Amino acid sequence: MSAFGTTLRVDLTDRTVTTERIDDELVETYLGGTGLAARILYDELEPGVDPLGPANKLVFATGPITGTRAPTSGRHSVSALSPLTGILGEATSGGDWGSALRRAGFDLVIVEGEADDPVYLHVEDGEYELRDASDLWGLDVPETTERIQDDVGEDAVVSTIGRAGENEVRFAAVMNDVKRAAGRTGMGAVMGAKQLKAISVIGTGDPHHHIDDTEAYRDLTLELTQTVTQTPSTKTRRDHGTAAAIEEESEVFDNLPTKYFEKGEFDGAWDISGPRMSEDYLTNVYACGQCPIACGRVVSMESDRFGSLSDQGGPEYETLASFGSLSMNDDFESIARANELCNRYGLDTISAGHVVAFAIAAQDRGLVDENETGMDLDWGNEEEIVELVHRIADRDGFGDVLADGVVRAASAIDGEEHALHVKGLELPMHEPRAQKTMGLTYATSNRGACHMRAFTGYVDIYGYDIPDLEIYSDNYPRHASEGKAELEVVMQNLFNVYDSMCGCKFSYPPGTENITVAQLADLLGLATGRDMDRDDVLELGDRIFTMKRLFNVREGISREDDRLPSLFTDEAHEEGSNAGEVVELAEMLEEYYERRGWDDEGRPTDDHLAEIGMAELA
């Protein structure tokens with residue numbers, strides 16, 4: 018059996034590709050995915066390099082369960098120093114690309130240097146080759162994918178950038194399987210700066226090659242898959258996708274960001290909801306590799322204003338909110354088109370929708386006028402919302418300002434106090450005043466404002482429990498702040514494990530209510546050949562989270578950066594279920610630092626590093 022960690026190192030400057038093994042101790046300590054990538058970048062990058070220069074490195078990483086029989090294991094990550102935030106950038110994606118890479122015999126790809134002319138990397142069953150991509154440069158994601166498949170074979174799974182990455186839009190995504198995105202923090206811009214157009218993979222090998230007890234692994238993964246399939250939340254996600262709860266978020270929790278976070282309830286919630294999509298536009302569903310859930314939407318439409326869509330990827334919750342309620346837009350067809358454009362051009366839909374709403378707010382508040390934007394940016398103007406997506410991807414007119422992200426855009430128009438971000442990353446579509454742990458999540462996430470590095474809403478809004486960790490939703494009212502640091506730390510630790518083993522958070526606790534952390538420990542134990550229990554899982558997550566924090570501390574992050582926009586800490590809504598509520602961040606942060614083992618400036622203490630097996634980094 019060969020161990021996990023076989024790596025392709027691609028030097029674009031010298032146009033060489035070599036193979037190597039990641040040290041087994043690093044794999045044991047950080048697992049794979051985003052955790053292992055963070056340690057590689059920490060070891061190999063000098064502090065303060067230009068994120069869009071040749072000294073930055075891109076790490077494509079799978080995890081020890083990627084492509085195996087484990088449920089929802091068709092995932093991988095992409096990491097680098099972020100051109101959007103200037104700190105650790107990371108994004109994860111589903112689909113089949115990660116599984117194909119492991120079937121081809123490799124677990125990671127490290128890309129360094131910068132090519133003189135556009136290239137793409139083709140990997141096929143242990144073989145690899147850099148190829149000329151001059152004729153692919155300028156093509157969109159579907160066209161690039163089709164052309165590469167024509168060249169190397171229709172079985173190729175392609176990870177590529179579109180024009181947004183080529184134009185170094187700071188929130189450009191890396192797209193794979195045409196419809197799936199490693200979206201946040203601008204990994205596509207790093208790829209574009211290196212003139213790496215794509216990585217295509219054909220693999221026919223067995224991704225279980227590193228697993229010793231394959232029979233026990235088969236039995237456990239069958240049990241886990243059956244549990245996921247039979248869980249009530251799975252049916253809801255299969256029926257209506259991630260957008261199933263849009264109406265509830267708006268009407269019950271006031272948790273649907275509306276009018277650039279001025280409100281949490283949107284009158285047009287039904288019009289952009291998952292059930293409405295299913296009723297009027299859904300033509301099929303699709304699943305990522307090894308996924309029994311199939312939350313992906315396939316939609317078609319015939320629109321007089323926005324043209325036809327035939328069997329395109331449907332918008333997720335975040336996209337429906339960012340291009341919908343955030344801009345007061347209740348026109349589903351415009352959102353579907355904006356989503357298709359983002360997929361085609363390679364744009365993160367959260368940041369793209371966010372900067373569009375910021376632009377509308379800026380014009381509404383008198384920070385810019387129509388002469389400066391060249392557009393009629395009114396709330397709910399669906400045609401202009403779609404038009405801005407084109408202009409951002411092409412860096413055309415005011416789109417060029419927005420393409421650098423909300424922090425730089427706000428600075429360019431002297432509107433810094435209006436930009437809603439944490440550590441430079443645009444806020445996603447969840448209202449911190451509706452669930453105060455989410456405020457702590459945003460403030461402390463290692464990649465900036467991110468809900469998916471610890472989705473505490475499973476517990477304090479949706480009421481899921483984690484019984485074998487004695488976490489019960491009744492103990493965490495959504496408007497309470499006391500005791501939330503404990504929940505935050507546990508959830509961050511778990512979610513960092515998921516991003517490093519490369520499994521979808523919908524399948525593991527608390528995303529799937531009936532799977533335990535003990536079962537997760539058994540899965541990881543079999544996948545890595547180690548004995549693991551619940552405490553080992555949480556310590557593993559602690560190490561991974563701490564590694565990322567150390568990277569960011571080295572890049573200048575401190576307690577000063579663990580903050581929220583004052584809108585959420587100082588200004589309460591006057592109406593709705595969140596009336597009078599603000600996020601008491603300072604109190605939660607004090608408890609959080611103590612539980613994390615950090616000093617007053619937000620640096621992990623030497624004692625804590627030693628306690629979790631990271632003394633060499635003290």
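Heads up: the sequence shown begins at 18 in our numbering, then just goes up one per residue. Ideal Cβ positions, reconstructed from N, Cα and C, are used throughout, including at glycine. Owing to the predicted nature of the structure, the values given are computational and were not obtained by experimental measurement.
Proximity to residue i [Cα-Cα], best of the options
i	options	result
residue 209	242, 228 and 135	135
residue 449	105, 473, 276 and 52	473
residue 519	41, 26, 201 and 81	81
residue 242	408, 85 and 195	85
residue 320	349, 159 and 89	349
residue 75	118, 127 and 28	127
residue 414	264, 431, 162 and 387	387
residue 161	193, 322, 115 and 570	193
residue 618	567, 404 and 629	567
residue 83	330, 116 and 57	116
residue 337	352, 293 and 330	352
residue 291	280, 313, 278 and 274	313
residue 570	154, 331 and 635	635
residue 531	513, 485 and 34	485
residue 35	138, 446 and 48	138
residue 234	565, 600 and 544	544
residue 230	555, 104, 195 and 540	540
residue 145	281, 555, 218 and 256	218
residue 552	150, 272 and 629	629
residue 508	499, 470 and 214	470
residue 268	593, 611, 614 and 79	593
C-beta atoms of residue i and residue j nearer than 8 Å
i	j	result
residue 125	residue 39	yes
residue 395	residue 377	yes
residue 482	residue 495	no
residue 343	residue 374	yes
residue 424	residue 397	no
residue 200	residue 366	yes
residue 207	residue 73	yes
residue 178	residue 191	yes
residue 95	residue 77	yes
residue 602	residue 584	no
residue 446	residue 282	no
residue 121	residue 22	no
residue 253	residue 529	no
residue 562	residue 310	no
Beta-bridge partners of residue i, as assigned by DSSP
i	result
residue 23	38
residue 280	275
residue 303	313
residue 148	137
residue 78	94 and 125
residue 377	DSSP, once it has assigned bridges, lists no residue as partnering residue 377.
residue 178	Residue 178 pairs with nothing; no bridge assigned.
residue 57	Residue 57 pairs with nothing; no bridge assigned.
residue 33	28
residue 198	192
Backbone secondary structure at residue i - three-state DSSP
i	result
residue 258	helix
residue 127	strand
residue 107	strand
residue 631	coil
residue 615	strand
residue 337	helix
residue 367	helix
residue 532	coil
residue 328	strand
residue 473	coil
residue 18	Bear in mind that the predicted position of residue 18 carries a pLDDT of just 46, short of 50, making it too unreliable to give a figure here.
residue 193	strand
residue 621	strand
residue 162	helix
residue 599	coil
residue 213	strand
residue 407	helix
residue 451	coil
residue 319	strand
residue 554	helix
residue 442	strand
residue 352	helix
residue 228	coil
residue 218	strand
Whole-Å CB distance - residue i paired with residue j, under 8 Å assumed
i	j	result
residue 347	residue 285	3 Å
residue 202	residue 102	6 Å
residue 298	residue 316	4 Å
residue 434	residue 371	So it is not a contact: roughly 16 Å between Cβ atoms.
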